[in-house]
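First the structure, in the form of structure tokens, and then the observations on it.
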Amino acid sequence: MNIFENCQVGKVKLKNRIIRSATHDGLADEDGGPSEELIRKYAFLAQNEVGCIIQGYAIVSPEGASSYPRCLAFYGDSIADKYKKLTNVVHQYGTPIIAQLAHCGRQTSSKVIGVKKIAPSAKRHLFYPDKAEAMTIEDILRVEDAFVEAIVKAKEYGFDGAQIHLAHGYLLHDFVSANGNKRKDEYGKEIFGRCKIVKEILQKTRAIVGDFPIWVKLSATDKRKKGMRISYAIEVCKLLKEYGVDAIEVSCGSVQDGMNTMRSRRMPMDAVFKYREPVASMPKFLNKFCLACAKLINPLLPQPKPLTMFNYDSAMAIKDNVDIDLILVGGVAKLDDMQKAVDSGIGAVSMCRPFICEPNLAKKLKEGKVTQSRCVMCNYCGLVIEKESTKCLLGRIKK
Ligand SMILES: Cc1cc2nc3c(=O)[nH]c(=O)nc-3n(C[C@H](O)[C@H](O)[C@H](O)COP(=O)(O)O)c2cc1C
Ligand code: SF4
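Start counting at 1 in the sequence shown, then tack on 7, and there's your number in our numbering.
Here it is in structure tokens:
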């Protein structure tokens, strides 16, 4: 299989096997729809030979909102025309676009969403310390309906498929994982209970949208106690296939893991002290002092390894056990690695930071102008989103 050939993954026809993985761009309008700037950004990606775009996560209901500014939303009456314009513009270049849909669960703050945040179980989050309330059955059914409505809208707005966010510590990851889900009722206890919410979303959705492509992004592993491990993830993937999921993007980590989902040799301390609360708002002298101390200990802080192709082993383990189309994300930056992944039977590779760094990367790779991304995986872009729209800050923050 050639990385640049037309192909079909998860029932979607791709221009090639290089996908832009979902990336929060921080460019939603005041009502949560895509702004003109975001539409231009996606048009540029499409024009420059990306095989498919997975839109940055869009929230399915206000109670699941993100604390990042200008996050996309998939509810409300005024967004339809903006999303239709977005999909139309991207389609002009023959590029498919998938809507990633999410609920933040306890990975947000009650203050931001204006109501008490909810999660499968009443648990604190390391970085969002106000405790979430355990969901009632009514809450669960309401969230299911919000996902169903959003997927139905994705079809109506002209998306080529929807991707359910079951990764990185968001609500559905919390449900599926024994770390976040301590429930003793039918939505917990064991794997079938933990996955019941996903099963019901799929059942209800399929009854309305038929064979509209539905993908999942899954954290196959994380570092949480009793959290996701590959042997368990394989069983989850078997269920996802049974429920009618068309493709799985294999990721890892939870926001609570620190830099695991997007790995870096070192914690980007300058960016942490500039963008992350509460340290960003400390009095200036204290911020400077703490930053200097943090920089001293930074080299001693262990970071997850490996730094490249870090979900490849998970993807291969899933491939060997489950007959479903797979997409590999995480530290993919070299053409050779991309080809290795597809030669091993993985349907496509996806990238996030490399496309933040070089939105025309796919074209440059295709034309043979480069063989790898320029992104140094410093993760400054992963911190800037806490206050501003997403951008590559390489060389722009002093080290
Ligand atoms: C700025 C930024 C925004 C991100 N937004 C999303 C998102 O909206 N949805 C998602 O599933 N993952 C998101 N991620 C994670 C990436 O999609 C990807 O899984 C991770 O960065 C590893 O891939 P990479 O090594 O190609 O960057 C984001 C990562 C970064 C750095
Ligand atoms: S700031 Fe730029 S170089 Fe650093 S990880 Fe993000 S995209 Fe890559």
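Built from N, CA and C at the ideal position, the CB exists for glycine as well. Just so you know, these numbers come straight off a predicted model, no measurement behind them.
Presumed contact (8 Å Cβ cut-off) between Ser-357 and Val-391, rounded CB distance: As a first step, residue 357 is located in the sequence shown; it is residue number 350 there, counting from the start. As a first step, residue 391 is located in the sequence shown; it is residue number 384 there, counting from the start. Not a contact, Cβ separation roughly 21 Å.
Please classify Phe-362 as buried or exposed, where buried requires at least 16 neighbouring CB atoms within 10 angstroms. By one-based count along the sequence shown, residue 362 stands at place 355. Buried, because 16 or more other Cβ atoms sit within 10 Å of the Cβ of Phe-362.
Collect the residues with a C-beta less than 6 Å away from any heavy atom of ligand 2 and give them in sequence order along the chain. Arg-360, Ile-363, Cys-364, Cys-382, Val-383, Met-384, Cys-385, Asn-386, Tyr-387, Cys-388, Cys-399, Leu-400 and Leu-401
With respect to 7 Å, is the separation between the Cβ of Gln-114 and the closest non-hydrogen atom of ligand 1 below this value? Position 107 of the sequence shown holds residue 114. For ligand 1, not one heavy atom lies less than 7 Å from the Cβ of Gln-114.
Closest residue to Arg-24 among Asn-267, Asp-167 and Leu-342 (Cα-Cα distance): Start at 1 with the first residue of the sequence shown, and residue 24 comes out as number 17. For Arg-24, the nearest C-alpha among the options comes from Leu-342.
Considering only heavy atoms of ligand 1, does any lie closer than 7 Å to the CB of Ile-5? For residue 5 there is no data in the structure shown, the boundaries of the chain being 8 and 406.
DSSP beta-bridge partners for Gly-168? Residue 168 sits at position 161 when you count from the first residue of the sequence shown. Paired residue(s): Ile-105.
Sheet register partners of Glu-256 (DSSP bridge): Locating residue 256 in the sequence shown gives position 249, where the first residue counts as 1. Lys-224 and Ile-334.
Beta-carbon contacts of Lys-406 that lie in its chain and below 8 Å, excluding the five residues immediately before and after: Locating residue 406 in the sequence shown gives position 399, counting from the first residue. Model confidence at Lys-406 stands at a pLDDT of 48, short of 50, so the residue's coordinates are unreliable; what they give is reported in the following sentence. Cβ within range, chain order: Asp-277.
Using three-state DSSP, classify Ser-261 as helix, strand or coil. Translated into positions along the sequence shown, residue 261 becomes position 254. Note: Ser-261 maps to strand in three-state DSSP.
Would you check if the distance between the CB atom of Pro-366 and the CB atom of Asn-55 is smaller than 8 Å? In the sequence shown, the residue the question calls residue 366 occupies position 359. In the sequence shown, the residue the question calls residue 55 occupies position 48. Yes; because the gap between Cβ atoms is below 8 Å, this pair is in contact.
For Phe-317, which residues in the same chain have their Cβ closer than 8 Å to its Cβ, ignoring the five residues on either side in sequence? Here residue 317 refers to the residue found at position 310 when the sequence shown is read from its first residue. Result list for Phe-317: Cys-259, Arg-270, Pro-311, Gly-337 and Gly-338, in chain order.
Could you please give me the residues that DSSP links to Leu-79 through a beta bridge? Taking the first residue of the sequence shown as 1, we reach residue 79 at position 72. According to DSSP, which records beta bridges pairwise, Leu-79 is partnered with Ala-65.
Taking just the CA atoms, how far does Thr-102 sit from Ala-169? Taking the first residue of the sequence shown as 1, we reach residue 169 at position 162. Taking the first residue of the sequence shown as 1, we reach residue 102 at position 95. Rounded to whole angstroms, Ala-169 to Thr-102 spans 15 Å at the Cα level.
Kindly identify the DSSP beta-bridge partner or partners of His-175. As a working note, residue 175 is residue 168 in the sequence shown. DSSP lists Ser-261 as partners of His-175.
Three or more C-beta pairs closer than 8 Å, one from the stretch 183–191 and one from the stretch 113–132: is that the case here? yes
Starting from Arg-27, trace the beta strand (DSSP E) both ways and give me its first and last residue. For this step, residue 27 is matched to residue 20 along the sequence shown. Where Arg-27 is concerned, the enclosing beta strand (DSSP E) stretches over 25–30.
Nearest-angstrom Cα distance between Asn-386 and Ser-42? Numbered from its first residue, the sequence shown carries residue 386 at position 379. Numbered from its first residue, the sequence shown carries residue 42 at position 35. Between Asn-386 and Ser-42, the C-alpha separation is close to 25 Å.
Anticipated Cβ contact below 8 Å, Phe-134 with Gln-263, distance rounded: Taking the sequence shown and counting its residues from 1, the one referred to as residue 134 is at position 127. Taking the sequence shown and counting its residues from 1, the one referred to as residue 263 is at position 256. Contact flag correct, Cβ pair sits at about 7 Å.
What residue range does the beta strand (DSSP E) around Ala-355 cover? One-based indexing of the sequence shown puts residue 355 at position 348. Segment 355–358, the beta strand (DSSP E) holding Ala-355.
Mind reading off the beta-carbon distance from Ile-104 to Gly-40? Whole number of angstroms is fine, and I expect it under 8 Å. Taking the sequence shown and counting its residues from 1, the one referred to as residue 104 is at position 97. Taking the sequence shown and counting its residues from 1, the one referred to as residue 40 is at position 33. Between Gly-40 and Ile-104 the Cβ distance is about 14 Å, and since that is not below 8 Å, they are no contact.
Neighbourhood of Asp-32 by C-beta distance below 6 Å, restricted to the same chain and skipping five residues each side: Here residue 32 is taken as the residue at index 25 of the sequence shown, counted from 1. Counting only Cβ-Cβ distances below 6 Å, and skipping sequence neighbours, we find Leu-45, Gly-63 and Thr-397.
Status (buried if at least 16 other CB within 10 Å, exposed otherwise) for Gly-83: Here residue 83 is taken as the residue at index 76 of the sequence shown, counted from 1. Flag for Gly-83 reads exposed.
Enumerate in chain order the residues of its own chain whose CB-to-CB distance from Gly-389 is below 6 Å, with the five nearest sequence positions on each side excluded. Residue numbering aside, residue 389 sits at position 382 when the sequence shown is read from its first letter. Counting only Cβ-Cβ distances below 6 Å, and skipping sequence neighbours, we find Met-269.
Residues of its chain near Ser-116, where Cβ-Cβ distance is below 8 Å and the 5 sequence neighbours each way are ignored: Residue 116 sits at position 109 when you count from the first residue of the sequence shown. Excluding sequence neighbours, Ser-116 sits near Ser-74, Lys-124, Tyr-135 and Asp-137.
Going along the chain, which residues of its own chain have a beta-carbon closer than 8 Å to the beta-carbon of Asp-330, five neighbours each way excluded? Taking the first residue of the sequence shown as 1, we reach residue 330 at position 323. Cβ neighbours of Asp-330 beyond the five flanking positions: Lys-248.
If I measure Cβ to Cβ from Leu-246 and keep anything under 6 Å in the same chain, skipping five residues before and after, which residues do I get? By one-based count along the sequence shown, residue 246 stands at place 239. Taken in chain order, the residues that qualify are Cys-202.
Check whether the stretch 190–210 touches the stretch 297–307, taking contact to mean three or more Cβ pairs, one atom from each stretch, closer than 8 Å. no
Nearest by alpha-carbon distance to Asp-229: which of Trp-222, Pro-220 and Tyr-239 is it? Mapped onto the sequence shown, residue 229 falls at position 222. For the residues Trp-222, Pro-220 and Tyr-239, the minimum Cα distance to Asp-229 belongs to Tyr-239.
Inter-residue CB distance, Val-257 and Ile-334 (contact presumed, cutoff 8 Å): Counting from 1 along the sequence shown, the entry for residue 257 is found at position 250. Counting from 1 along the sequence shown, the entry for residue 334 is found at position 327. The pair is a contact, with the Cβ atoms about 7 Å apart (cut-off 8 Å).
Glu-151 burial status per 10 Å Cβ neighbour count (16 or more: buried): Reading the sequence shown from its first residue, position 144 is the one you call residue 151. Per the 10 Å Cβ criterion, buried.
With hydrogens ignored, establish whether the beta-carbon of Val-279 is closer than 7 Å to any heavy atom of ligand 1. By 1-based counting over the sequence shown, the position of residue 279 is 272. Result no, Cβ not under 7 Å from ligand 1.
Buried or exposed: which applies to Gln-210, given that a residue is buried once 16 or more other Cβ atoms fall within 10 Å of its Cβ? In the sequence shown, the residue the question calls residue 210 occupies position 203. With fewer than 16 Cβ atoms within 10 Å of its Cβ, Gln-210 is classed as exposed.
Can you check whether the CB of Tyr-177 is closer than 8 Å to the CB of Lys-110? For the purposes of this step, residue 110 is taken as the residue at position 103 of the sequence shown. For the purposes of this step, residue 177 is taken as the residue at position 170 of the sequence shown. Here the sequence assigns His to residue 110, which means Lys is not the residue at that position. Closer than 8 Å, so yes.
How close, in whole Å, do the beta carbons of Val-97 and Ile-60 come, if the pair is a contact with beta carbons under 8 Å? Residue 97 sits at position 90 when you count from the first residue of the sequence shown. Residue 60 sits at position 53 when you count from the first residue of the sequence shown. Contact flag correct, Cβ pair sits at about 6 Å.
Considering only the beta carbon of each residue, do Pro-220 and Asp-253 sit closer than 8 Å? Residue mapping note: residue 220 aligns to position 213 of the sequence shown, counting from 1. Residue mapping note: residue 253 aligns to position 246 of the sequence shown, counting from 1. The answer is yes: Cβ separation under 8 Å.
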